[in-house]
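J.: I have a structure I would like to understand better, so I am pasting it below and will then ask my questions one at a time.
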Amino acid sequence: MKVAFELTLDDVHAFNAHYGAHAALPRQNRRLVRGALTITLVALLFALGVAIRAPAGFWVLGGVILRGWWSFYPRRVEAMSRRATAKMYREGRNQGLLGPHEVTIDPQWLVEASTDREVKTRWRAVERLAVTEGHFFIYVSGFSAVIVPTRAFAG
């Protein structure tokens with residue numbers, strides 16, 4: 349079976365988001381940073397509140413700010429990830445990484461080809477397959493995958 353598609357930066361972002369949400373190390377790092385920053389904010393709020401003998405409104409406002417921080421943090425991390433990925437793809441020529449791609453699946457090989465490169469992987473080296481609404485991610489290592497958008501199968 350062979351499918352052809354245009355691989356875009358949005359497809360790469362989708363993979364990064366999937367990996368970040370499902371791999372143990374990125375999840376653990378996010379929880380650690382989120383927790384440490386929350387504890388720091390609570391400590392600063394408490395120290396300031398005690399120092400100025402804050403009225404109840406201060407504590408309510410502080411709680412609202414902390415709640416906002418807690419819910420805002422995941423979106424901020426994703427935005428930072430998108431910017432970093434875009435910046436990395438702007439460095440160098442990166443020929444064949446984005447643009448027209450073909451993925452060929454046969455009994456022995458998974459082949460990903462673009463105009464400037466071709467990568468062959470034996471099926472026994474494939475670690476797992478992840479399926480989302482918009483993509484198939486065929487993991488060829490713990491942190492990299494052949495990205496196949498579902499739009500490749502339209503029509």
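Sequential numbering from 349 applies to the sequence shown in my numbering. Even glycine gets a Cβ: it sits at the ideal position worked out from N, Cα and C.
1. Based on the DSSP secondary-structure assignment, which residues constitute the bridge partners of glutamate 477?
2. Determine the closest residue to threonine 469 out of Ser492, Gly482, Glu481, Tyr437, with distance taken between C-alpha atoms.
3. Is leucine 446 closer than 9 Å to valine 360 when the C-beta atoms are compared?
4. Can you say whether histidine 501 is buried or exposed, counting buried as having 16 or more other CB atoms within 10 angstroms of its CB?
5. Output the boundary residues of the beta strand (DSSP E) element that contains isoleucine 495.
6. Report the three-state DSSP secondary structure of isoleucine 400 (helix, strand or coil).
7. I'd like to know if the segment 471 to 488 and the segment 455 to 463 are in contact, where contact means that at least 3 CB-CB pairs between them fall below 8 Å.
8. Among the candidates Arg401, Glu450, Val390, Val398, whose CA atom is the shortest distance from the CA of isoleucine 324?
9. Quick one: what does DSSP say glutamate 460 is sitting in, helix, strand or coil?
10. Can the beta-carbon of arginine 378 be found closer than 9 Å to that of valine 451?
T.: Let me spell this out:
1. Residue numbering aside, residue 477 sits at position 129 when the sequence shown is read from its first letter. Reading off the sequence shown, one finds leucine at residue 477, where the question assumed glutamate. Leucine 477 pairs with Ile486.
2. As a working note, residue 469 is residue 121 in the sequence shown. Checking every option, the nearest Cα to that of threonine 469 belongs to Ser492.
3. Along the sequence shown, one-based indexing puts residue 360 at 12. Along the sequence shown, one-based indexing puts residue 446 at 98. Contact check for valine 360 against leucine 446 passes: the beta carbons are separated by less than 9 Å.
4. The residue labelled residue 501 in the question sits at position 153 within the sequence shown. In the sequence as presented, histidine is not what sits at residue 501; that position holds phenylalanine. With fewer than 16 other Cβ atoms within 10 Å, it is exposed.
5. Looking up residue 495 in the sequence shown gives position 147. Secondary structure note for isoleucine 495: its beta strand (DSSP E) is the uninterrupted segment 493 to 497.
6. Residue mapping note: residue 400 aligns to position 52 of the sequence shown, counting from 1. When secondary structure is reduced to three states using DSSP, isoleucine 400 falls in the coil class, being assigned neither helix nor strand.
7. Pairwise C-beta distances place the segment 471 to 488 in contact with the segment 455 to 463, as three or more of them are shorter than 8 Å.
8. What the structure shows of the chain is the stretch from 349 to 503, and residue 324 is not part of that stretch, so it cannot be assessed.
9. Within the sequence shown, residue 460 is the residue found at index 112, counting from 1. In the structure shown, glutamate 460 sits in a strand (DSSP, three-state: E or B).
10. Locating residue 378 in the sequence shown gives position 30, where the first residue counts as 1. Locating residue 451 in the sequence shown gives position 103, where the first residue counts as 1. When the beta-carbon positions are compared, arginine 378 and valine 451 stay at least 9 Å from each other.
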